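The next block holds one structure in the form of structure tokens; read it before the comments.
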Amino acid sequence: MDSGILTRPATGSAGIARGERVKPYRTPAQKANVRNLIFLAVIVMVVCACYLLVNAYPDKPQLFRYVLSLRIPTLAVMLIAAFAIGGASIIFQSIINNRIVTPCLLGMNSMYTLVHTAVVFVVGSGSIVATNSNVSFAVDLVVMGIAATFVYSYLFRKTGNNVLYVLLIGTVLSSFFGSIQSTMIRVMDPNEYDTLLTTLVADFNNVNSEVILFSLLLIAALVIFLRKELQLLDVITLGKDQAVNLGVDYDRTVRRLMLGVVLCIAVATAMVGPISFLGLIIANLARQLLRTHKHSHLILGAALMGMLAIIAGQLISQHVFSYAVPISTFITIGGGIYFLYLLLFKKGGI
Amino acid sequence: MKITNLKKKYDGKTVVDSVSFTIPRGKVLSLIGPNGAGKSTVMGMISRLIARDAGDIHFEDKDLSHWNSKELAKKLAILTQHNNVQMKLTVRELVAFGRFPYSGSRLTAEDVRMIDKAIAYMELQEFEDRFIDELSGGQRQRAYIAMVIAQDTEYVLLDEPTNNLDIYHASNMMRTVRRLCDELGKTVILVLHEINYAAFYSDYICAFVDGKIAKFEKVEDVINKETLSEIYKVDFEIIHINGKPLSVYY
Amino acid sequence: MFSIKKYRSTIILGTVLLILSLLSLFVGVIDINLHNLFSGNGMELKIFLLARLPRLLAVLCTGVGMSVAGLIMQQLCMNKFVSPSTGSTIQSAQFGILLSLVFIPSLGLWGRVILAFVTAVLGTWIFVWFIQRIQFKNTVLVPLIGIMFGNVLGGIINFIAYKFEVTQQLSTYFVGSFALIIKGNYELVWLALPLVILAFAFANHFNIVGMGKDFSENLGVNYKLVLFVGLTISAMITASVVTVVGQISYIGLIIPNIVAMFKGDKIRGSLIDTALFGALFVLAADMIARTVISPYELPIELIVGIVGSILFIAMLIYKLNHGRKAIRLGKAKEGSCCG
């Protein structure tokens, strides 16, 4: 069987044209996207500046420096967390090919807090693994990577990618992890439940800024390590059949991307605690604003949206409610309503 | 492409059993048969989407499993029914994916030429910047075919391409299939439910019953009273239109 | 012979429950033995009457009440995955408790329970009204919506609680636990019993309504009225349990399903078994909660949450892998009942 019968030179023609790249074709929508992204980035910068400077007493240098020394690490944490959640949510949605599902809705963040608690539970709260944030974070990441891969690949295999089942089981899993974690804390110290909880689980008023450097390095490493897979995301979006048809090693690519997602969620949860609906909101807002499938744009958009949401939310929480209401409360209410809206009226792919 | 002794089991139940046939080049071949006869599974195995339990699929000079997936993507394209893309993707971007096996995500001038040609061939110019989730079923199917054309393969596999299309779009789809073969010289293999589309538009028909090949012949030799009754277990009448046999059943 | 076979599961469940109940009376921080109890040891008798017995009764009422509430909701909504915890009834009741804490704290327990009744009933009606209006009734979509409804309501509760600084109080009222049950503060939960009896009286009506609106109109049953009564009964049971004990999830969801696997879906036939099994389940969970880190106690909600979510996930996967059939093992496995 050689290709003698072929009526025209069908294959191999790409070789001729190699090297002679053309400027990528941009639709008007894509040009608008670039504009939108720049606009969004500017707003984020403004909000960051507000966050640092509002009520910072710039007229009293010592106080000013003190305020900044508190706010800069917190700001860094929020920026990193927003990037991690935004990126992970977009990647995850594209793999699942569904806009309603995000890793946090499936309980990945509760899983991380459980893993962290379990590690402290096993090694004891006095050991080096528990007292050194970076060491404990590293251990958590390893355990989390293994456990999440196992649990979620089982979940997807068992449900045959039926989105509603995945979502419902994920929601139940989330409360399951929460119950186990809570039980562990109570067993560790029945008297000091609340204190132990705050030391084990971060939140926005109590961010974990000790792992900033580690997280930054980890995310940078992930981006470099996964750069090929990230480029393939555009093709993965077409679904398994089409991706395989186009010559992509689908299973391997998805496995590696999933590991990236898990680690990103771990980073975000370690720094700001579990916030279930943020990813859903920012990923969908990004998809609505940037009507494109280009993942470089989408990930950037979601990350910027996340930064905007968290920092603006924190500003409101601090200066309007004077820290009384944590922003995760707003995110739960808004995100829950948004989720119901997507589920009922958009039917996003069910 | 030569297929020998193909087998597949799901949960201990044999769905494809000892299937062997050779795909005639440059022709349209339709796989027909009742539900669950294994035709889509055979198609899946030919296109490497479904792993086979046993058997050989000899393609050009080596077995399908020895092919590099990306090289194979330049020779063989498959379009399944599951094309429910939720993401915002324009027609042009979708068609451009057909060039992925050649150039990755960075298009060359040759790629752009092929994309333009494919879009023009399927008469999609006016839709090319529309999002595919905003198109009608028929238009979307055409966009996918354009992507397959841009993929520029000799073999084109279509799994129930007329599914969910109304009569107008379905018969247009079948005419397109014919043109892919006649004008572009492609070998087209389809899974079809409608016997008459298979009868009217294909060169060969391969009929499956219970995971086995019941009949693999030229159209005229399959579309007759006896064979069809045997396959589908209902009575058929055969009439001829434009020299092609068509079946009537009730 | 026939009748014994028919009631076999009920008899077994009843016996096991009785034994476990007696056993539970003697589990606790302070050892109580039978001899001292009847020889007039005042201290032990006091503990027995003030704490142990009330606790047992509260546990039994909770188990019976929540599982029957779940059974009714599942029948009426024609969905095996609807229950007080997946139909936002629990959160609605909690919302009432929150309102009473914020606006009428002086009314104490009575204020809490009355507002909890009102909001639980309203919340359940709204939820059911809402899901009946959804065009595409996917079995799994309904509990998903219910859980999310509950989440949103939980968020609003949190918001108000933070705003009015009652979060501390709430966390003690909300996490289901029998640790604080003593004579004098738990009697409200007895309300579950007359409601369960009422449910039994209406059982056939619920069954008919569960077959659908047209079906029940055809048989001359007032669909709306029965739906209304049934939902109100299960919301009130839930509200009384949530007020006294706190949130106990999954009981109403999994117990009726497990019983239906063996007994089928006719309410009359399965109501007593469901009630007994629910009581047994909660009692077992409570005994675990009391002994695991003795002398401390775990909130029972944690035990129920862990076991319940595993069972729920198992149920979902089972249903998914066995097509559209209801969760039912069928006659073949009837012999292995309760094993």
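Protein chains in written order, with this note's numbering: chain E, 4 to 353; chain R, -5 to 244; chain S, 7 to 345. Where a beta carbon is used, it is the ideal one built from N, C-alpha and C, also for glycine. From a predicted model like this one, the values you see are computed outputs, not experimental measurements.
Asked: Just mark HIS234 of chain R as buried or exposed, buried being the case when its beta carbon has 16 or more other beta carbons within 10 Å.; Found: exposed
Asked: Any beta-carbon of chain S closer than 7 Å to the one on ARG230 of chain E?; Found: no
Asked: Measuring only between beta-carbons, confirm whether MET39 of chain R sits less than 7 Å from chain E.; Found: no
Asked: Name the DSSP beta bridge partners of TYR243 of chain R, please?; Found: R:PHE230
Asked: Looking at the unbroken beta strand (DSSP E) that takes in ILE(-3) of chain R, where does it start and where does it end?; Found: -4 to 4
Asked: Please list the terminal residues of the continuous alpha helix (DSSP H) segment that includes THR272 of chain E.; Found: 253 to 275
Asked: What residues in the region 201 to 212 of chain E bring their beta carbon closer than 8 Å to a beta carbon of chain S?; Found: none
Asked: List, in order along the chain, the chain R residues whose C-beta lies closer than 7 Å to that of ASP237 of chain E?; Found: SER99
Asked: Report the three-state DSSP secondary structure of ASN137 of chain E (helix, strand or coil).; Found: helix
Asked: Using Cβ-Cβ distances below 9 Å, what residues of the region 66 to 97 of chain E are close to chain A?; Found: In summary, chain A is missing from the structure at hand, where the protein chains are E, R and S.
Asked: Roughly how many angstroms lie between the CA atoms of GLY205 of chain R and SER223 of chain R, to the nearest whole one?; Found: 17 Å
Asked: So is LEU343 of chain E in contact with chain S if we call contact Cβ pairs under 7 Å?; Found: yes
Asked: Is the Cβ of THR335 of chain E closer than 7 Å to any Cβ of chain S?; Found: yes
Asked: Measure the Cβ-Cβ separation of SER92 of chain E and THR105 of chain E and say whether it is below 7 Å.; Found: yes
Asked: Which chain R residues sit within Cβ distance under 7 Å of ASN39 of chain E?; Found: In chain order: nothing, as chain R lies at least about 13 Å away.
Asked: Less than 7 Å between CB atoms is the rule here; does PHE165 of chain S satisfy it with respect to chain E?; Found: yes
Asked: Output the boundary residues of the beta strand (DSSP E) element that contains CYS200 of chain R.; Found: 198 to 203
Asked: Would you mind reading off the limits of the alpha helix (DSSP H) that contains THR125 of chain S?; Found: 114 to 139
Asked: State the Cα-Cα distance for the pair SER218 of chain E and ILE83 of chain E, rounded to the nearest angstrom.; Found: 8 Å
Asked: Residues of chain E with CB under 7 Å from THR74 of chain R, in chain order?; Found: ASP244
Asked: For LEU158 of chain E, I'd like the list of residues in its chain whose CB is within less than 8 Å of its CB, leaving aside the five on either flank, ordered along the chain.; Found: LEU109, VAL169, ILE172, GLY173 and LEU176
Asked: Give a yes or no on whether the minimum CB-CB distance between SER112 of chain S and chain E is below 7 Å.; Found: no
Asked: Give the DSSP bridge partners of ARG53 of chain R, in chain order.; Found: Going by the sequence as given, residue 53 of chain R is Phe instead of Arg. Answer is R:LYS56, bridged to PHE53 of chain R.
Asked: I think THR95 of chain S touches GLY129 of chain S, with their Cβ atoms under 8 Å apart; what is that distance to the nearest whole Å?; Found: 6 Å
Asked: Starting from ASP11 of chain R, trace the beta strand (DSSP E) in both directions and tell me its first and last residue.; Found: 7 to 16
Asked: Starting from GLU177 of chain R, follow the beta strand (DSSP E) in both directions and report where the run begins and ends.; Found: Here GLU177 of chain R belongs to no beta strand (DSSP E), and DSSP marks it neither H nor E.
Asked: Compare the C-alpha of LEU237 of chain S against each of S:LEU24, S:ALA57 and S:ALA75 and name the closest.; Found: S:ALA75
Asked: At what residues does the beta strand (DSSP E) containing LYS209 of chain R begin and finish?; Found: 206 to 212
Asked: Under 7 Å, Cβ to Cβ, is there at least one residue of chain E near SER246 of chain S?; Found: no
Asked: When we look at the beta-carbon of GLY163 of chain E and count the other beta-carbons within 10 Å, is it buried (16 or more) or exposed?; Found: exposed
Asked: Kindly indicate which three-state DSSP category ILE295 of chain E falls into: helix, strand or coil?; Found: In the sequence as displayed, the identity of residue 295 of chain E is Thr instead of Ile. Residue state, collapsed to three classes: coil.
Asked: Note down the Cα distance separating GLY351 of chain E from ASN101 of chain E, rounded to an integer number of angstroms.; Found: With a pLDDT of 48 at GLY351 of chain E, under the threshold of 50, the modelled position of that residue is not reliable, and the figure given next carries that caveat. So the two alpha carbons sit approximately 7 Å from each other.
Asked: Helix, strand or coil, according to DSSP, for THR95 of chain S in the structure here?; Found: helix
Asked: What residue range is occupied by the uninterrupted alpha helix (DSSP H) comprising ASP292 of chain S?; Found: 273 to 297
Asked: What did DSSP end up calling ASP192 of chain E once you bin it into helix, strand or coil?; Found: coil
Asked: Within its chain, find whatever has a CB closer than 8 Å to the CB of LYS238 of chain R; leave out the 5 residues flanking it on each side and keep chain order.; Found: ALA193, PHE194 and VAL213
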